[in-house]
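In this note's numbering, the protein residues as written are 1 to 328. Glycine included, each C-beta is placed from N, C-alpha and C at the ideal position. To start, the structure itself, in structure tokens.
Structure follows, in structure tokens:
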């Protein structure tokens with residue numbers, strides 16, 4: 001919507017029959033950020049700004065003039081050298097070199113996304129040799145500070161350069177758009193095995209991680225207690241380290257109540273044999289969801305993960321043959 005509105009504004013501004021508009025030589029816009037090359041004087045620029053701001057009563061632009069022949073625009077620093085322009089990468093003073101660390105438990109496409117972006121910008125902008133090497137050095141520094149090696153970054157750069165060269169030589173063949181994609185939550189490296197198997201049958205996996213900043217930010221929406229949610233859960237014995245991992249499509253409190261009441265449930269049998277107890281306080285919701293096929297796969301993953309961590313599991317019915325070959 002913002003782009004549609006700005007396109008209409010742009011047409012009105014550039015369509016004005018005013019001598020000040022005629023001073024504009026070049027006009028480059030990204031949403032509401034505009035880079036203008038003009039022959040106007042400083043006083044005329046102020047009048048030009050007032051003219052543009054008169055187009056819409058609720059939209060007011062501000063202006064930033066070049067200083068020492070240099071002006072920053074988005075992530076570029078543009079320097080005027082006589083009749084030519086020199087480009088450099090611009091980072092705000094508040095920039096930090098923190099990216100997703102190499103040891104983070106996230107899929108590689110997310111882990112390397114920031115470096116793909118920085119390297120794409122490096123080879124796409126016509127930088128001078130000095131500015132190119134300076135920016136590459138900054139990328140190397142960011143990589144080292146976050147656990148990556150220079151070799152990894154250089155390999156990514158070489159792949160991008162080869163791809164860029166191929167695209168310049170050969171015509172790009174448009175895709176038919178019939179790719180079959182499936183969204184998969186990334187839990188651990190076992191998910192990569194699942195993704196590889198899906199590719200064999202023509203399904204492209206798109207991994208995501210739900211441990212995002214947004215999930216940890218404060219919001220004022222009424223919170224639903226875990227007892228009313230569904231998904232993958234674990235219930236720990238109050239008196240020992242025994243744990244049961246399960247899944248439910250109904251309210252968690254309903255499923256836990258069934259565990260405690262049904263004599264054949266592993267939780268109830270443990271209570272009867274050991275004289276121990278279970279309460280809702282020791283129930284954890286490991287993954288929220290309601291789709292049966294998805295929960296079934298995730299249940300196996302969480303049980304396998306708990307087994308690898310030497311957790312005392314009460315899931316006695318789950319033998320190694322129960323696991324999918326994808327999880328071996």
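Here the segment 270-284 makes contact with the segment 227-241; the two share three or more CB pairs at distances below 8 Å. Annotation for residue 203: 180 and 182 place their beta carbon closer than 6 Å to its own, counting only its chain and skipping 5 residues before and after.
With a 10 Å radius around the Cβ and a threshold of 16 neighbouring Cβ atoms, residue 111 comes out buried. For the pair residue 306 and residue 233, the Cα-to-Cα distance works out to about 12 Å. The beta carbon of residue 292 sits closer than 7 Å to those of 249, all from its chain and outside the five residues before and after it, given in chain order. By the Cβ-count criterion, residue 165 is exposed, with fewer than 16 other Cβ atoms from all chains shown falling within 10 Å of its own Cβ. Taking 3 residues as the minimum length, the beta strand (DSSP E) runs contained wholly in the segment 215-249 are 231-236 and 243-248, in order along the chain. Membership of residue 47 in the alpha helix (DSSP H) is indicated by the continuous run 42-53. With fewer than 16 neighbouring CB atoms inside 10 Å of its own CB, residue 206 falls in the exposed class. When rounded, the separation of the alpha-carbon atoms in residue 253 and residue 280 is 8 Å. The beta carbon of residue 289 is closer than 8 Å to those of 230, 231, 232, 295 and 298 in its chain, skipping five residues each way along the sequence.
Just measuring C-alpha positions, the residue of 117, 163 and 162 sitting nearest residue 75 is 117. A Cβ-Cβ separation of about 5 Å places residue 101 in contact with residue 147 under the 8 Å criterion.
According to the DSSP assignment, residue 205 belongs to the beta strand (DSSP E) that extends over 203-208. By the C-beta density criterion, residue 156 is buried, having at least 16 other C-beta atoms within 10 angstroms. In this structure the segment 53-62 does not lie against the segment 35-45, because fewer than three pairs of beta carbons, one per stretch, are closer than 8 Å. Annotation: the continuous beta strand (DSSP E) that includes residue 86 extends over 84-89. Per DSSP, reduced to three states, the secondary structure at residue 172 is coil, with no helix or strand assignment. Using a Cβ distance threshold of 9 Å, residue 87 and residue 127 count as a contacting pair. Note on geometry: alpha-carbon atoms of residue 141 and residue 149 lie some 10 Å from one another.
Note on the segment 237-313: whole beta strand (DSSP E) runs with a minimum of 3 residues are 243-248 and 283-288, in chain order.
Here residue 72 carries a strand assignment [DSSP, helix/strand/coil]. Sequence-distant partners of residue 260 (beyond 5 residues in either direction) whose C-beta falls short of 8 Å from its own C-beta, in its chain, are 267, 268, 271 and 278. Boundaries cannot be given for residue 56, as no alpha helix (DSSP H) includes it and DSSP labels it neither H nor E. The beta-bridge partner set that DSSP reports for residue 183 consists of 206. In the three-state DSSP reduction, residue 38 falls in the strand class (E or B). Here the alpha carbon of residue 121 sits roughly 29 Å from the alpha carbon of residue 192.
Ranking 223, 168, 119 and 144 by CA distance to the CA of residue 103 puts 144 first. Of the candidates 105, 125, 131 and 97, the residue whose Cα lies closest to the Cα of residue 115 is 97.
Within the same chain, and ignoring the five residues on either side of residue 26 in sequence, the residues whose Cβ sits closer than 6 Å to its Cβ are 37. By the neighbour-count criterion, in which 16 or more other beta carbons inside 10 Å mark a residue as buried, residue 304 falls on the buried side.
Relative to residue 89, the option among 21, 123, 105 and 61 whose CA is nearest is 123. For residue 262, the CB contacts under 8 Å within the same chain, skipping 5 residues up- and downstream, are 268 in chain order. Around the beta carbon of residue 201, fewer than 16 other beta carbons lie within 10 angstroms, which makes this residue exposed.
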